[in-house]
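Asks:
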Amino acid sequence: MSLKLLNSAYLMNIVACETEDCYSQLIADLKHHSYQYYVLDAPEISDRQYDELFQKLLITEAKHPGWVVKDSPSTRVGDQPLSHFESVTHRVAMYSLDNAFNNEDMSDFYQRIADRFSDDAFVFSAEPKMDGLAINLRYEQGYFVQATTRGDGKVGENVTQNVKTIQSIPLKLQGDHFPDVLEVRGEVFMLKSTFEKLNQQQLDKGEKPFANPRNAAAGTLRQLDSKVVAQRHLSFYVYGWGEVSDNWTLPKKYSDMMHLFEQWTLPINPHASLVEGIEGMSDYYERLLQLRPTLPYEIDGIVYKLNDISLQTQLGFTARAPRWAIARKFPAEEVWTELLDIDVQVGRTGAITPVARLQPVNVGGVMVSNATLHNMDEIQRKDVRIGDTVIVRRAGDVIPEVVGPVLSKRPDNTVLFHMPEHCPECGSEIVKEPDKAVYLCSGGLYCPAQRKRALEHFVSRKAMDIQGLGTRLIDQLVEKELVHHPDDLYRLDTETIAGLERMATKSAQNVVDSIQGSLFTTFGRFIYSLGIPEVGEVTANNLAQHFKTYDALLSASVDEFILVDDVGEVVANHLEHFFQQPHNLEVIQGLFDAGVDWPEPQEIVVQQNSPFMNKVVVITGTLESMGRTDAKNLLEAAGAKVTGSISVKTDFLLAGEKAGSKLTKAESLGITILNEQQWLEMMPEL
Ligand code: IVH
């Protein structure tokens, strides 16, 4: 977003609407932006601007209660807590789906339909099977009036207050020609990202985390306090309908009904697609299986529905499910198996990770025999014991993990796990980091396991991107003492590598070529490859952008590191510590001697006649409009020298939100303090 736009947002004083037209327009604007954001995923304004419009709405409604409309976005924030949910009998029963677990089940399903109509070319709507809960939404005259859970299919619970907080569900249908009474059905679910945040909050509060996004969505929808629901950000996609007024004619195709829903601003899954015949269905299955790990929500399969509504009607329902639809299930991402033993693994930074050795089991289509148990605290919190039957989970590309024990299957002879006292790789003592869950091998670079992991990290794709140096080769290089540290890699020759197990001259040559080819890199990759604790790819790139040269990075203090986007106190301390260690500096020098290099940074064109020319500026706190690195770059382009700590030489302190001790210090030294708005106003046009 441009600085100008932000500037005007800053200067905007929020005042109430004085006319009803203004209020109606405000509602229309809020609905539009909420639809762009929650349904289309294409916001046109910033969160802050949306918040301002929402504030304006609240002020206006407080001042003019007579104007408030029943579908006002202000009704979404949650209501008084309920004592219980009322039962509601569904006017049209909510069915379940029959499952297909393999190709044979699919062709049986298809054949039954083909036999019935003596035809062999059917079109199906194929769509992701969302892993959430079915819900019925009732609209009367276009207004949302009631939401009910599926319950037993005949009687559900009234969860209207809770469902109202789901931003993507329209409180009033847009457009026209909708039936007087319309019940739509769909799935309430929780995004993976929302789930991760929620579980972190649960842990922070000392409460039990949810096992998966589905449980979290279910637990949330059954909250009696809708204000809690509002904070948990549930999502929704529509996939069907219940009661529809008799005087309204259904379209001929299911997909046409979905398009109407879309026009009325109900959210439909963008991955839904029409497919033809059994081949079309199986192509879609393969496509979705690939897509599955990249989706922001969990799916447990695909639902295929005959697209022709008159064929649907002719086929009808069994006691449980429609005969015209089927759920093709994906291999489960969560399965039960036996925990045979717990070993420990030593990571790059010496962290000891307990690893579950499992009775091999198929999880999400892949055989799994090891799964992470994260750390000792997790083992204790989950009360996982050797000999337990455990729930193992592998979502997408994520490392398989043990979710917890199945207590009902716990045998009498389970064994508690104890952290070993010595590193299994180098025999050094294992120590616990004070106040942390992590146990560390104290062997440092003496420990071959740590050196191996550091090398694996150094050669990895996002780091120096050296091909052909897999785990086995690295293990041999370290064990045979050919490589101690990353810089040793650049001294390897083809002959040495060809002498290792499973290596031919040709592949050895390729490895050497790839090692030499990695010499010219980028500053960001170089920083990332060093394997500094908690410095990931993004932080490494931010550091590179911020400091521009290795010398500047090397001589930075904690205060200066904190100026970089994404860098907090913990990471800043790791950075400072890393660059203070003589052996790290030796390895880095070795890399430079080997010829590691990257392009020169771009020269900054400094703006003349700026109030910041030759001024010393310190930035603190959180800025609204940009990260601190961008602010630093802008200030430098305006001629300023940006430093990390306040001293008598400081000319300005740019203080964002939550500024702390630097602000106090600047005040005591009488330094000019600028808030973000004042700073932006002073900045020359860039
Ligand atoms: S159609 C008449 N479509 O799966 C039944 N269901 O296992 C209509 N589900 O209770 C269901 N995604 O909660 C349909 N795209 C989708 C779905 C879907 C998830 C759920 C739904 C249903 C359950 C059956």
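Each residue of the sequence shown is one higher than the last, beginning at 62 in my numbering.
The C-beta atom is built at its ideal place from N, Cα and C for all residues, glycine as well.
#1: Within 10 angstroms of the Cβ of residue 67, are there 16 or more other Cβ atoms? Answer buried if so, exposed if not.
#2: Note down the Cα distance separating residue 268 from residue 358, rounded to an integer number of angstroms.
#3: Restricting to runs no shorter than 3 residues, where is the beta strand (DSSP E) found entirely within the region 368–444?
#4: Under a Cβ-count criterion, where at least 16 other Cβ atoms within 10 Å of its own Cβ denotes burial, should residue 145 be classed as buried or exposed?
#5: Quick check on residue 85: buried or exposed, where buried means 16 or more other Cβ atoms within 10 Å of its Cβ?
#6: Determine the closest residue to residue 297 out of 160, 76 and 197, with distance taken between C-alpha atoms.
#7: Going by the beta-carbon positions, is the gap between residue 225 and residue 136 smaller than 8 Å?
#8: Let me know if residue 686 comes out buried or exposed under the rule of 16 or more other beta-carbons within 10 Å of its beta-carbon.
#9: Identify the continuous alpha helix (DSSP H) that holds residue 191 and give its terminal residues.
#10: Tell me, which residues are paired with residue 200 by DSSP?
#11: Answer yes if the region 654–670 comes into contact with the region 693–711, meaning at least three C-beta pairs across the two stretches below 8 Å, and no otherwise.
#12: Since residue 465 is in the beta strand (DSSP E), which residue starts that stretch and which ends it?
#13: For residue 633, does the three-state DSSP call read helix, strand or coil?
#14: Within 8 Å, do at least three Cβ pairs link the region 726–739 to the region 701–710?
#15: Could you tell me which residues DSSP pairs with residue 219 in its beta bridges?
#16: Count the other C-beta atoms from every protein chain shown that fall within 10 angstroms of the C-beta of residue 179, then say buried if there are 16 or more, exposed otherwise.
#17: Tell me, to the nearest whole angstrom, how far the beta carbon of residue 569 is from that of residue 555; I am working on the premise that it is less than 8 Å.
#18: Taking the straight line between their C-alpha atoms, what separation do you get for residue 335 and residue 451?
#19: Flag residue 229 as yes when its Cβ comes closer than 7 Å to any non-hydrogen atom of the ligand ZN, and as no otherwise.
#20: Helix, strand or coil, according to DSSP, for residue 71 in the structure here?
#21: Out of 142, 613 and 444, which has the shortest C-alpha to C-alpha gap to residue 47?
#22: On a Cα-Cα basis, can you pick out the residue from 92, 502, 273 and 576 that is closest to residue 656?
#23: When the Cβ atoms of the region 275–289 are set against those of the region 404–415, are three or more pairs found closer than 8 Å?
#24: Candidates 744, 414 and 487: which alpha carbon is nearest residue 439's?
#25: Hey, out of 209, 400 and 188, whose CA is closest to residue 453's CA?
#26: Confirm the yes/no value for this check: CB of residue 328, any heavy atom of the ligand IVH, distance under 7 Å.
#27: Buried or exposed for residue 122, please, with buried defined as at least 16 other CB atoms from any protein chain shown within 10 angstroms of its CB.
#28: At the level of alpha carbons, what is the spacing between residue 493 and residue 479?
#29: As a quick exercise: from 663, 678, 203 and 590, pick the residue whose alpha carbon is nearest that of residue 624.
#30: For a test of your reading of the model: does the CB of residue 383 fall under 7 Å from any non-hydrogen atom of the ligand IVH? Yes or no.
#31: Should the region 182–201 be called in touch with the region 247–254, which here means at least 3 C-beta pairs below 8 Å?
#32: Could you give the distance in angstroms between the alpha-carbon of residue 753 and the alpha-carbon of residue 353?
#33: Is the beta carbon of residue 515 within less than 7 Å of some heavy atom of the ligand IVH?
#34: Going by the DSSP bridge assignment, what does residue 502 pair with across the sheet?
#35: Leaving out five residues before and five after residue 62 in sequence, what residues of the same chain have Cβ atoms less than 8 Å from its Cβ?
#36: From the DSSP output, which residues share a beta bridge with residue 517?
Replies: Reading from the atomic positions:
#1: Counting from one through the sequence shown, the residue named residue 67 turns up at place 6. In this prediction, residue 67 scores a pLDDT of 33, lower than 50, which makes its location untrustworthy; no coordinate-derived value is stated.
#2: The sequence position of residue 268 within the sequence shown is 207, counting from 1. The sequence position of residue 358 within the sequence shown is 297, counting from 1. Whole-angstrom Cα-Cα distance: 23 Å.
#3: If only complete runs of 3 or more residues are kept, the region 368–444 shows the beta strand (DSSP E) at 386–390, 395–407, 413–424 and 427–433, in order along the chain.
#4: Position 84 of the sequence shown holds residue 145. Looking at its Cβ environment, which holds fewer than 16 other Cβ atoms inside 10 Å, residue 145 is exposed.
#5: Residue 85 sits at position 24 when you count from the first residue of the sequence shown. Counting every other CB atom within 10 Å of its CB across the protein chains shown gives residue 85 a total below 16, marking it as exposed.
#6: Sequence index remark: in the sequence shown, residue 297 carries index 236 (1-based). Ranking 160, 76 and 197 by CA distance to the CA of residue 297 puts 197 first.
#7: On the sequence shown, residue 225 is found 164 positions in, with the first residue counted as 1. On the sequence shown, residue 136 is found 75 positions in, with the first residue counted as 1. A contact, by the Cβ cut-off of 8 Å.
#8: Against the sequence shown, residue 686 aligns to sequence position 625. Under this definition residue 686 is a buried residue.
#9: On the sequence shown, residue 191 is found 130 positions in, with the first residue counted as 1. For residue 191, there is no enclosing alpha helix (DSSP H); the residue is found in the beta strand (DSSP E) stretching over 184–191.
#10: By one-based count along the sequence shown, residue 200 stands at place 139. As a beta-bridge residue in DSSP terms, residue 200 pairs with 205 and 243.
#11: In short, these stretches touch, since the Cβ pair count reaches three.
#12: Looking up residue 465 in the sequence shown gives position 404. Run containing residue 465: 462–466, per the beta strand (DSSP E) assignment.
#13: The residue you call residue 633 lines up with position 572 of the sequence shown. Helix.
#14: The region 701–710, when compared against the region 726–739, does touch it at the 8 Å Cβ threshold.
#15: Mapped onto the sequence shown, residue 219 falls at position 158. According to DSSP, residue 219 bridges with 209.
#16: By one-based count along the sequence shown, residue 179 stands at place 118. With fewer than 16 other beta carbons inside 10 angstroms of its own, residue 179 counts as exposed.
#17: Within the sequence shown, numbered from 1, the residue matching residue 569 stands at position 508. Within the sequence shown, numbered from 1, the residue matching residue 555 stands at position 494. Going by Cβ atoms, the distance from residue 569 to residue 555 rounds to 5 Å, so yes, they are a contact pair.
#18: For the purposes of this step, residue 335 is taken as the residue at position 274 of the sequence shown. For the purposes of this step, residue 451 is taken as the residue at position 390 of the sequence shown. Residue 335 and residue 451: Cα-Cα distance of roughly 39 Å.
#19: Looking at this structure, you won't find the ligand ZN anywhere; what it does contain is the ligand IVH.
#20: In the sequence shown, residue 71 corresponds to position 10, counting from 1. In this prediction, residue 71 scores a pLDDT of 40, lower than 50, which makes its location untrustworthy; no coordinate-derived value is stated.
#21: Absent from the model: residue 47. The displayed extent of the chain is 62 to 747, so no value can be given.
#22: As a working note, residue 656 is residue 595 in the sequence shown. Minimum Cα distance to residue 656 is reached at 576.
#23: The region 275–289 vs the region 404–415: no contact.
#24: Counting from one through the sequence shown, the residue named residue 439 turns up at place 378. Comparing Cα-Cα distances from residue 439 to each of 744, 414 and 487, the minimum goes to 414.
#25: As a first step, residue 453 is located in the sequence shown; it is residue number 392 there, counting from the start. It is 400 whose Cα lies nearest to the Cα of residue 453.
#26: Position 267 of the sequence shown holds residue 328. For the ligand IVH, not one heavy atom lies less than 7 Å from the Cβ of residue 328.
#27: As a first step, residue 122 is located in the sequence shown; it is residue number 61 there, counting from the start. A buried status is given to residue 122, since no fewer than 16 other beta-carbon atoms sit within 10 Å of its beta-carbon.
#28: Residue mapping note: residue 493 aligns to position 432 of the sequence shown, counting from 1. Residue mapping note: residue 479 aligns to position 418 of the sequence shown, counting from 1. Pairing residue 493 with residue 479, the inter-Cα distance amounts to about 13 Å.
#29: The count along the sequence shown starts at 1 and reaches residue 624 at position 563. It is 678 whose Cα lies nearest to the Cα of residue 624.
#30: Here residue 383 corresponds to residue number 322 of the sequence shown, with the count starting at 1. Yes.
#31: These segments touch.
#32: The structure shown has nothing for residue 753, since the chain only spans 62 to 747.
#33: Here residue 515 is taken as the residue at index 454 of the sequence shown, counted from 1. No - the ligand IVH has no heavy atom lying nearer than 7 Å to the Cβ of residue 515.
#34: Within the sequence shown, numbered from 1, the residue matching residue 502 stands at position 441. Residue pairing by DSSP puts residue 502 in a beta bridge opposite 491.
#35: In the sequence shown, residue 62 corresponds to position 1, counting from 1. Below a pLDDT of 50, predicted positions are generally treated as unreliable, and residue 62, at 27, falls in that range; no measurement from the model is reported.
#36: In the sequence shown, residue 517 corresponds to position 456, counting from 1. Paired residues: none, contrary to the question.
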